[in-house]
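> Quick mapping for you: the protein sequence lines, in order, are chains A and B.
Note that the working numbering has the first sequence beginning at 1, numbered continuously upward.
Note that the working numbering has the second sequence beginning at 1, numbered continuously upward.
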Amino acid sequence: KAGVTQTPRYLIKTRGQQVTLSCSPISGHRSVSWYQQTPGQGLQFLFEYFSETQRNKGNFPGRFSGRQFSNSRSEMNVSTLELGDSALYLCASSEGGLNEKLFFGSGTQLSVL
Amino acid sequence: QQQVKQSPQSLIVQKGGISIINCAYENTAFDYFPWYQQFPGKGPALLIAIRPDVSEKKEGRFTISFNKSAKQFSLHIMDSQPGDSATYFCAASGMDSNYQLIWGAGTKLIIKP
Numbered sequence: 001k002a003g004v005t006q007t008p009r010y011l012i013k014t015r016g017q018q019v020t021l022s023c024s025p026i027s028g029h030r031s032v033s034w035y036q037q038t039p040g041q042g043l044q045f046l047f048e049y050f051s052e053t054q055r056n057k058g059n060f061p062g063r064f065s066g067r068q069f070s071n072s073r074s075e076m077n078v079s080t081l082e083l084g085d086s087a088l089y090l091c092a093s094s095e096g097g098l099n100e101k102l103f104f105g106s107g108t109q110l111s112v113l
Numbered sequence: 001q002q003q004v005k006q007s008p009q010s011l012i013v014q015k016g017g018i019s020i021i022n023c024a025y026e027n028t029a030f031d032y033f034p035w036y037q038q039f040p041g042k043g044p045a046l047l048i049a050i051r052p053d054v055s056e057k058k059e060g061r062f063t064i065s066f067n068k069s070a071k072q073f074s075l076h077i078m079d080s081q082p083g084d085s086a087t088y089f090c091a092a093s094g095m096d097s098n099y100q101l102i103w104g105a106g107t108k109l110i111i112k113p
């Protein structure tokens, strides 16, 4: 089976712009979750989607949103980018949810200038 | 009550030695404790996980020790090899966190040949 695929790998944006990141989960996995990783901060949970419904949400502002399609592919959108949004954004998939083995993609490195 | 504190921040171990990374959690309702390994440019990958019904779990050279009363768990890497050089994250979750993983800040492990 192919692993979790995230595109694009790198992205450079300027403040105020918006960005959309894409994640294709492992075939058969219905849960997709998103994380923000910054140096020294570990991973911060953004949200989880399961069967096209947002099932869990972390403590991020409303500028961060996502969705999941019927084929389980997911997108994450960040509007009105701020310098502090510069981070590695990781997507993970699993069969049933957050409380089991997560399979991560290699991430999208977002730089906001 | 949702924090997971991980130490040390960085660790240098000689090849063949034992690497030990510690984590402490606050929420007694947490019931899932995984360790993830992350190499540069890659997403984290599940290394080993434990649930509180056992005090120790071993998989090859990797062992999780769990102390429920102290609310601590640790990762031991026996016979550490240069290929083990990576960043290690502990995490915890349970019903109180809506099964969201609460992550430690990470430990950068360097194995010296």
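The beta carbon of each residue, even a glycine, is placed where N, CA and C say it ideally should be.
Predicted model, so just to flag it, every value in this text is computed and none were measured.
Tell me, please, whether the CB atom of residue 68(A) is closer than 9 angstroms to any CB atom in chain B?
For the purposes of this step, residue 68(A) is taken as residue 68 along the first sequence, with counting starting at 1. Taking 9 angstroms as the CB threshold, residue 68(A) stays off the interface with chain B.
> Can you tell me whether residue 70(A) is buried or exposed, with buried defined as 16 or more other CB within 10 angstroms of its CB?
Taking the first residue of the first sequence as 1, we reach residue 70(A) at position 70. Exposed, because fewer than 16 other Cβ atoms sit within 10 Å of the Cβ of residue 70(A).
> Do residue 101(B) and residue 21(B) count as a contact pair if the criterion is CB distance below 9 angstroms?
As a first step, residue 21(B) must be located in the second sequence, where it is residue number 21. As a first step, residue 101(B) must be located in the second sequence, where it is residue number 101. Taking C-beta atoms as the reference points, residue 21(B) and residue 101(B) fail to come closer than 9 angstroms.
> Please report the distance separating the alpha-carbon of residue 95(B) from that of residue 29(B).
Start at 1 with the first residue of the second sequence, and residue 95(B) comes out as number 95. Start at 1 with the first residue of the second sequence, and residue 29(B) comes out as number 29. Cα-Cα distance, rounded: 7 angstroms.
> Which residue from 14(A), 111(A) and 35(A) puts its Cα closest to that of residue 59(A)?
Mapped onto the first sequence, residue 59(A) falls at position 59. For residue 59(A), the nearest C-alpha among the options comes from 35(A).
> Since residue 6(A) sits in a beta bridge, which residues does DSSP pair it with?
The count along the first sequence starts at 1 and reaches residue 6(A) at position 6. As computed with DSSP, residue 6(A) is found in a beta bridge with 23(A).
> Whose C-beta lies closer than 7 angstroms to the C-beta of residue 68(A) among residues of the same chain, with five residues either side of it excluded?
By one-based count along the first sequence, residue 68(A) stands at place 68. Excluding the 5 residues flanking it on each side, residue 68(A) has same chain C-beta neighbours closer than 7 angstroms at 32, 49, 52 and 74, in chain order.
> At a CB-CB cut-off below 8 angstroms, which residues of chain A make contact with residue 100(B)?
For this step, residue 100(B) is matched to residue 100 along the second sequence. Within chain A, the residues near residue 100(B) are 45, 48, 56, 58 and 98.
> Taking any Cβ of chain A, which residues in the region 22-48 of chain B have a Cβ under 9 angstroms from it, in chain order?
From the region 22-48 of chain B, only 31, 32, 34, 36, 38, 41, 42, 43, 44, 45 and 46 have a Cβ closer than 9 angstroms to chain A.
> Using a Cβ-Cβ cut-off of less than 7 angstroms, list which residues of the region 77-97 of chain B approach chain A; keep chain order.
89 and 93
> Using a Cβ-Cβ cut-off of 6 angstroms (strictly less than) and excluding sequence neighbours within five positions of residue 22(A), which residues of its own chain qualify?
As a working note, residue 22(A) is residue 22 in the first sequence. Once the five neighbours on either side are set aside, the close Cβ partners of residue 22(A) are 7 and 75.
> Can at least three beta-carbon pairs, one atom from the region 11-18 of chain B and one from the region 92-112 of chain A, be found at a separation below 8 angstroms?
Contact between the region 11-18 of chain B and the region 92-112 of chain A is not established, with fewer than three Cβ pairs separated by less than 8 angstroms.
> Can you tell which of 41(A), 46(A) and 93(A) has its C-alpha closest to the C-alpha of residue 3(A)?
Numbered from its first residue, the first sequence carries residue 3(A) at position 3. Nearest of 41(A), 46(A) and 93(A) to residue 3(A), Cα basis: 93(A).
> Could you check which residue in 13(A), 113(A), 5(A) and 17(A) has the C-alpha nearest to that of residue 79(A)?
Residue mapping note: residue 79(A) aligns to position 79 of the first sequence, counting from 1. Of the candidates 13(A), 113(A), 5(A) and 17(A), the one whose C-alpha sits nearest the C-alpha of residue 79(A) is 17(A).
> For the region 52-69 of chain B against the region 30-41 of chain B, do three or more pairs of beta-carbon atoms, one drawn from each stretch, fall closer than 8 angstroms, so that the two count as touching?
yes
> In angstroms, rounded to a whole number, what distance separates the CA positions of residue 79(B) and residue 85(B)?
Here the question's residue 79(B) lines up with position 79 in the second sequence. Here the question's residue 85(B) lines up with position 85 in the second sequence. Near 12 angstroms, if we compare the C-alpha coordinates of residue 85(B) and residue 79(B).
> Whose Cβ in chain B lies nearer than 9 angstroms to the Cβ of residue 101(A)?
Taking the first sequence and counting its residues from 1, one reaches residue 101(A) at position 101. The contacting residues are 34, 46 and 49.
> Determine, using beta carbons only, whether residue 4(A) comes closer than 9 angstroms to chain B.
Reading the first sequence from its first residue, position 4 is the one you call residue 4(A). Residue 4(A) has a beta carbon lying within less than 9 angstroms of a beta carbon in chain B.
> Quick one: list the residues of chain A neighbouring residue 106(B), beta-carbon separation under 8 angstroms, in chain order.
Taking the first residue of the second sequence as 1, we reach residue 106(B) at position 106. Those within 8 angstroms of residue 106(B) in chain A are 40 and 42.
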